[in-house]
Amino acid sequence: MLRAIVHNMNGDRIPMEPDGALHAVILAGGEGTRFHPLSTRDRPKQFLSFFGKESFLQQTFERVKCVVPPERCYVMTNVRYTSLVKEQLPELSSFHIVSEYEKKNTAPAIAYVTRLIQDRDPHAVIAIFPSDHMIDDPEVFQKTIRKAALVAKEYQRIVTIGIAPTWASPEYGYIQRGHFLEPEVNTVCAFHEKPDQKTAEQYLHEKEYFWNSGMFLFPANLMLQEIRAFLPELYALLSVFELNQHFLETYFKKVESLSLDYGVIEKSSHLAMIEANFSWSDIGTWKGLNDYVRRTGRVLDTSLERMMLEQLAREGIA
509 MLRAIVHNMN GDRIPMEPDG ALHAVILAGG EGTRFHPLST RDRPKQFLSF
559 FGKESFLQQT FERVKCVVPP ERCYVMTNVR YTSLVKEQLP ELSSFHIVSE
609 YEKKNTAPAI AYVTRLIQDR DPHAVIAIFP SDHMIDDPEV FQKTIRKAAL
659 VAKEYQRIVT IGIAPTWASP EYGYIQRGHF LEPEVNTVCA FHEKPDQKTA
709 EQYLHEKEYF WNSGMFLFPA NLMLQEIRAF LPELYALLSV FELNQHFLET
759 YFKKVESLSL DYGVIEKSSH LAMIEANFSW SDIGTWKGLN DYVRRTGRVL
809 DTSLERMMLE QLAREGIA
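Reading the sequence shown from the start, the letters are residues 509 to 826 in our numbering.
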C-alpha cells in the first residue's frame, strides 16, 4: 500500500484539497526540436509565441484555469525549464511546478504527479494537457473538459478527448470509438498510429475515428491502480513517496523511460472517449504550421513567416 508524507520541499505541511476535486497537469518538458532554428533546446516551442504575445504555455494555462483554479494547476517540466515556467506563469506557486531531473517520457512524470496530487486529494480527478496545442473555441473546450471530468468520476474511466476530424490528416494518431455509454461518450475500441493519406481518408469517411488530442482525464486512484497492474516496477518506486528534492532526483534517475500511452492507456480496459467539437491543432512541424495558417487564415509575424518559408523550401515543401 502506498504511503506518503504530505509536506512541501521546505518541510511545510501541504493543506488537503476539497475531496474529489478536478486538478490539471500541463506537460511542458519537450525540447521542440522539429521547429529548429526558432525552437532551441534552451527555449523550446512551448515557451514561444507564434500568434500574439502569449506563448503556447501561457495560452494553455489561461485556457485551463477557466476550468481548474490556479491552486489546482500543475506544470510538469524539465529542470532545465523551471525558470522559464516561473517567468511565464508568475501566479503559479513553486509547489505547483514539478521538474523532472532526467527526461524519461510521460509514464514516470504522470505517475509522479498523480501520486503528488493524490496526497492532497485522495479522490482527485486529474486532467492532463499538452502545453503546445492550438484550441480556438475556449467555451466549447471548457464544457468538454467539465463533462469529461464527470464521466471519469462516475464511470471510473480514463477518459480521452477525441477530436472529430475535419480533414483527412496523416499527421495525427486516431482513436476508434467503441460502444455507446451516453451522448458523445463511448468506450474505446482501439488506438491507431499516424496513418498514410489513403487510410486517413478512410477514417474521415467512416466517422468512427477521432484525432487523438493527447488530452485525457482520470481518477487518481484508478491511474495508480493501472500503473500497479501494468508497470509494477514503476509503482514500486512510488511505494514510499516523500515530497522532497532527494526523492524526486532519485526517482527520475532510477525509473525507466516509457510512454504512458504504450505502458498503461492502450492496455487498460477502463477507457472512455468524449467526442469534442472544438477547433484543435497540434502544430508539430513547420509543415503543420503552414497548413494551420492556410486553413485558419491566422497571420504570422513577418519574420516568423519568412523563417517558415525558408524551412519549407529546405525540406522541399512548396
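Every residue, glycine too, gets a C-beta built ideally from N, C-alpha and C.
Check whether residue i and residue j have beta carbons under 8 Å apart
i: PHE726; j: ILE634; result: yes
i: ILE671; j: SER721; result: yes
i: SER767; j: ASN613; result: yes
i: PRO678; j: ASP644; result: no
i: PHE786; j: THR590; result: no
i: ALA536; j: LEU565; result: yes
i: ARG685; j: GLU716; result: yes
i: SER776; j: ILE683; result: no
i: HIS778; j: GLN664; result: yes
i: PHE558; j: LEU797; result: yes
i: VAL572; j: CYS581; result: yes
i: ALA656; j: ILE825; result: no
DSSP state of residue i mapped onto helix, strand, coil
i: PRO578; result: helix
i: PHE569; result: helix
i: HIS754; result: helix
i: PRO703; result: coil
i: ALA529; result: coil
i: VAL801; result: helix
i: ALA536; result: coil
i: THR585; result: strand
i: ILE773; result: helix
i: LEU725; result: strand
i: PHE749; result: strand
i: PHE718; result: strand
i: VAL606; result: strand
i: SER547; result: coil
i: SER601; result: coil
i: MET524; result: Residue placement at MET524 is poorly supported in this model, since its pLDDT is 45, which falls under 50; the coordinates are not used for a value here.
i: SER789; result: strand
i: GLU764; result: coil
i: ILE735; result: helix
i: GLU741; result: helix
i: LEU820; result: helix
i: LEU808; result: coil
Selected residue, minimal CA-CA separation from residue i, among the options
i: GLY538; options: HIS531, LEU530, ALA532, ASP550; result: ASP550
i: HIS687; options: GLU679, THR590, CYS697, GLY681; result: CYS697
i: SER563; options: PHE699, ARG580, GLN664, HIS641; result: HIS641
i: GLY540; options: GLY792, ARG814, VAL807; result: GLY792
i: ASP769; options: HIS631, THR568, THR668; result: THR668
i: PRO578; options: LEU556, ILE534, LYS611; result: ILE534
i: SER607; options: THR622, ARG588, VAL748; result: ARG588
Integer Cβ distance of residue i from residue j, believed to fall under 8 Å
i: VAL583; j: LEU600; result: 7 Å
i: TYR620; j: GLU757; result: Going by Cβ atoms, the distance from TYR620 to GLU757 rounds to 12 Å, so no, they are not a contact pair.
i: VAL772; j: ILE735; result: 6 Å
i: ALA617; j: LEU742; result: Going by Cβ atoms, the distance from ALA617 to LEU742 rounds to 11 Å, so no, they are not a contact pair.
Quick check for students: name the residue ranges of the alpha helix (DSSP H) that lie wholly in the region 614-701, counting only runs of 4 or more. 614-628, 646-663
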